[in-house]
Amino acid sequence: MKTESLIDMLACQAGPAPRAMAARRLTPAVAGGLALGVAGALGWIGPIPAELYADPGPWIKLGYAGLLAAAALWWVARLGRPAAPVAAPMRAAGAVVVAMGLLGAAALLAVPGGERMDTVLGHSWAECPVSVLLLSLPTLAGAFWALRGLAPTRLRLAGFAAGVLAGAVGAFSYALSCDELAPSFVAVWYTAGIGAAGLLGALLGPRLLRW
Amino acid sequence: MTLDDARDDFESGLKPLWLLAQAGDETAYREALRRIAVRLRSYLRRRMQSLPDDLEDLVQETLLALHLQRGTHDPALPVSNWVLAIARHKLVDLWRRRGRQEALHDPLDELEDHAMPVAVEEGSARRDLGQLLQELPEAQRRAIVLTKIEGLSVAEAAQRTGASESAIKVQVHRGLKRLAAKVKEESP
């Protein structure tokens, strides 16, 4: 087929371009991933006692994970569109992580020197990143499905951003089941789980997102 | 005229056509794709000195990808950046398929080594998309032939085949996607 005939064929009865493709794919992906993550956390680990919500601890976790998920969602949506600028969402996601790190460090300074290590490790440091990663998997699958319907040209970065998005949604879900209250615990172990999801995404991106 | 001026000219000529095309203007879309094909050919030719036989195939593969992904263009951004980002992606993918050795070559170095530009007849592809079209599942092939080659409206094609209008649209889209996938399988 000549290129000219291909052009005629593509243009013929083409109709208007589909609109809001990123939103149409990412909305069900994140909503479904969040629902499965929350169901997983509540069903598998169980909810924290309601009175814990009187402490700022759970709210800090939910705020951190929610803001990071929002920034990462923006980032993924940009990476799904060829040549769209990604610096602003990338900086936003970085700023959320840095802010959480500063909050954790400041809170740690208020703790007497001898107890700092115990504060950071809490009683569940080993379970936390693993749980966040596991609870992120439904969103990771959804975000990859969404990206496969878009046109990412930077596959590793797109995979990483999808992983961070999934990790943040996983962290949000885990926060409903995690009774650790120290901001420094959140800054280290939640971030580790989110980072692990990001690395997994970066690893899978070049393989699964080719088109 | 500098290279930047040429780029601006391309963009300023293409943008209004492209916006009409995105809104559903078929004539504007055809003209926009023609201009894009010329730009793609010169963009890819400079970077494919070592694979001259693949040039027109890659132009066609990129046009097909642009069509399938046209919903991802943000009207606030230049069309040419979006087009060339997809072309670069397709080029890198071709290099990867041809093996790492090729991918490591800097395309601009190639340009100096082979100063003689390769003459390529416009629009001559080695791979025949018409042939690949025949290999699609019957419903998809028929939907594409009726609406995109014979030029029937979706409603007319639905009447002719007895399928619903949304089914026709889905078959056309799936068929073109499968065609794009076949294109990749055919050039390992």
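Going down the list, the sequences are from chains A and B. Add 1015 to the 1-based position in the first sequence for this note's numbering, that's all there is to it. Add 33 to the 1-based position in the second sequence for this note's numbering, that's all there is to it. Every residue, glycine too, gets a C-beta built ideally from N, C-alpha and C.
Touch test, the segment 1130–1142 of chain A against the segment 85–104 of chain B, Cβ-Cβ under 8 Å, three pairs minimum: Result no; under three Cβ-Cβ pairs closer than 8 Å.
Would A/R1040 count as contacting chain B if we go by Cβ distances under 7 Å? Chain B, which has no Cβ nearer than 7 Å to the Cβ of A/R1040, makes this no.
For B/A148, name the three-state secondary structure that DSSP assigns. Low per-residue confidence applies at B/A148: pLDDT is 42, beneath 50, and the placement is therefore not dependable, though the value from the model is reported in the following sentence. The three-state secondary structure of B/A148, taken from DSSP, is coil.
Is it true that the CB of A/G1213 sits closer than 7 Å to the CB of A/L1162? With respect to the 7 Å criterion, A/L1162 and A/G1213 are not classified as neighbours on the basis of their beta carbons.
Tell me whether A/W1090 is buried or exposed, calling it buried when 16 or more other Cβ atoms sit within 10 Å of its Cβ. Per the 10 Å Cβ criterion, buried.
Rounded to whole angstroms, what's the CA-CA distance from B/A118 to A/P1167? Just pull it up for me. Their Cα atoms are separated by approximately 10 Å.
Span of the alpha helix (DSSP H) holding B/S75? 59–80 is the span of the alpha helix (DSSP H), which, as asked, contains B/S75.
Can you tell which of A/S1199, A/A1211, A/V1179 has its C-alpha closest to the C-alpha of A/L1082? For the residues A/S1199, A/A1211, A/V1179, the minimum Cα distance to A/L1082 belongs to A/V1179.
May I ask which residues mark the beginning and end of the alpha helix (DSSP H) holding A/I1075? Counting along the chain, the unbroken alpha helix (DSSP H) around A/I1075 starts and ends at 1071–1094.
Can you give me the start and stop residues for the alpha helix (DSSP H) that A/V1184 sits inside? Counting along the chain, the unbroken alpha helix (DSSP H) around A/V1184 starts and ends at 1170–1190.
Flag this pair as touching only if the segment 182–197 of chain B and the segment 1024–1038 of chain A have three or more C-beta atom pairs under 8 Å; answer yes or no. Touching, yes, given that three or more Cβ pairs across the two stretches are closer than 8 Å.
Are A/L1148 and A/A1211 close, meaning C-beta to C-beta below 7 Å? Closer than 7 Å, so yes.
Indicate whether at least one CB of chain B lies closer than 7 Å to the CB of A/L1172. At a cut-off of 7 Å between beta carbons, A/L1172 makes no contact with chain B.
Cutoff 6 Å; reference A/E1068; Cβ partners in own chain excluding five residues on either side: The amino acid occupying residue 1068 of chain A in the given sequence is Tyr; Glu does not appear at that position. Result list for A/Y1068: empty, nothing under 6 Å.
Name the residues in the segment 1094–1117 of chain A whose C-beta lies less than 7 Å from a C-beta of chain B; which are they? From the segment 1094–1117 of chain A, only G1095, R1096, P1097, A1098, A1099 have a Cβ closer than 7 Å to chain B.
Residue nearest to A/R1040 in terms of C-alpha spacing, selected from B/T105, B/L50, B/A65: Sorting B/T105, B/L50, B/A65 by C-alpha distance to the C-alpha of A/R1040 places B/T105 at the top.
Ends of the alpha helix (DSSP H) at A/W1160? For A/W1160, the uninterrupted alpha helix (DSSP H) run begins and ends at 1142–1163, by DSSP.
Run through chain A and tell me which residues come within less than 9 Å of B/V187, C-beta to C-beta. Per Cβ cutoff of 9 Å: Q1028, G1030.
Counting only the same chain and skipping the five closest in sequence on each side, list residues whose C-beta sits under 6 Å from that of A/G1048. The residues P1153, T1154, G1157, V1184, in chain order, have a CB closer than 6 Å to that of A/G1048 in the same chain once the five nearest residues on each side in sequence are set aside.
Which chain B residues sit within Cβ distance under 7 Å of A/D1070? Result: empty, since nearest Cβ-Cβ is about 43 Å, beyond 7 Å.
Enumerate in chain order the residues of its own chain whose CB-to-CB distance from A/F1200 is below 8 Å, with the five nearest sequence positions on each side excluded. Excluding sequence neighbours, A/F1200 sits near G1119, T1134, V1135, L1136, G1137, W1140, C1143.
Specify, as a first and last residue, the run of the alpha helix (DSSP H) that B/R175 falls within. Residues 171–177.
Alpha helix (DSSP H) containing A/I1209: first to last residue? First-last of the alpha helix (DSSP H) with A/I1209: 1206–1223.
So the candidates are A/L1077, A/D1070, A/A1035, A/D1023; which of them puts its Cα closest to the Cα of A/G1164? Checking every option, the nearest Cα to that of A/G1164 belongs to A/A1035.
Three or more beta-carbon pairs under 8 Å between the segment 70–90 of chain B and the segment 1055–1064 of chain A, yes or no? With the rule of 3 Cβ pairs closer than 8 Å, the segment 70–90 of chain B does not count as touching the segment 1055–1064 of chain A.
Interface partners of B/V92 on chain A, CB under 7 Å: Those within 7 Å of B/V92 in chain A are T1018.
Beta-carbon neighbours of B/K48, restricted to chain A and to distances below 8 Å: For the C-beta of B/K48, not a single chain A residue is nearer than 8 Å; the gap to the nearest is close to 14 Å.
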